[in-house]
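Participant:
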């Protein structure tokens, strides 16, 4: 996997390290990024599951005959 170097405010990184309970700045920031991505995937899955019954209900009804 490719690596990227970025600069962050030291106070921000220290706060992330404390909140994540991680001793390495690299590991702390990586944990936050991975959590953010996982949260996005969970949100997408919930939205998709919530929308599926509506889509199935729409397709289950036969078109009106006149």
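Residue numbers (UniProt numbering): 1 to 66.
Yeah, the Cβ is synthetic: ideal placement off N, Cα and C, and Gly gets one too.
Treat the numbers as computed from the prediction; the structure is a model and nothing was measured.
Would residue 20 and residue 28 be called neighbours here (beta carbons separated by less than 8 Å)?
Facilitator: The sequence position of residue 20 within the chain shown is 20, counting from 1. The sequence position of residue 28 within the chain shown is 28, counting from 1. Yes, these two residues count as a Cβ contact at 8 Å.
Participant: Whole angstroms is fine: what's the gap from residue 35's alpha carbon to residue 42's?
Facilitator: Numbered from 1 along the chain shown, position 35 holds the residue referred to as residue 35. Numbered from 1 along the chain shown, position 42 holds the residue referred to as residue 42. Cα to Cα, residue 35 sits roughly 10 Å from residue 42.
Participant: Give the DSSP-derived three-state secondary structure of residue 64 in the structure shown.
Facilitator: Here residue 64 refers to the residue found at position 64 of the chain shown. Residue state for residue 64 is assigned as coil, using DSSP reduced to three classes.
Participant: If you scan the stretch 2–57 from start to end, which runs of the alpha helix (DSSP H) of 4 or more residues do you find wholly inside it?
Facilitator: 10–20
Participant: With a Cβ-Cβ cutoff of 8 Å, do residue 13 and residue 25 count as a contact?
Facilitator: Taking the chain shown and counting its residues from 1, the one referred to as residue 13 is at position 13. Taking the chain shown and counting its residues from 1, the one referred to as residue 25 is at position 25. Yes, these two residues count as a Cβ contact at 8 Å.
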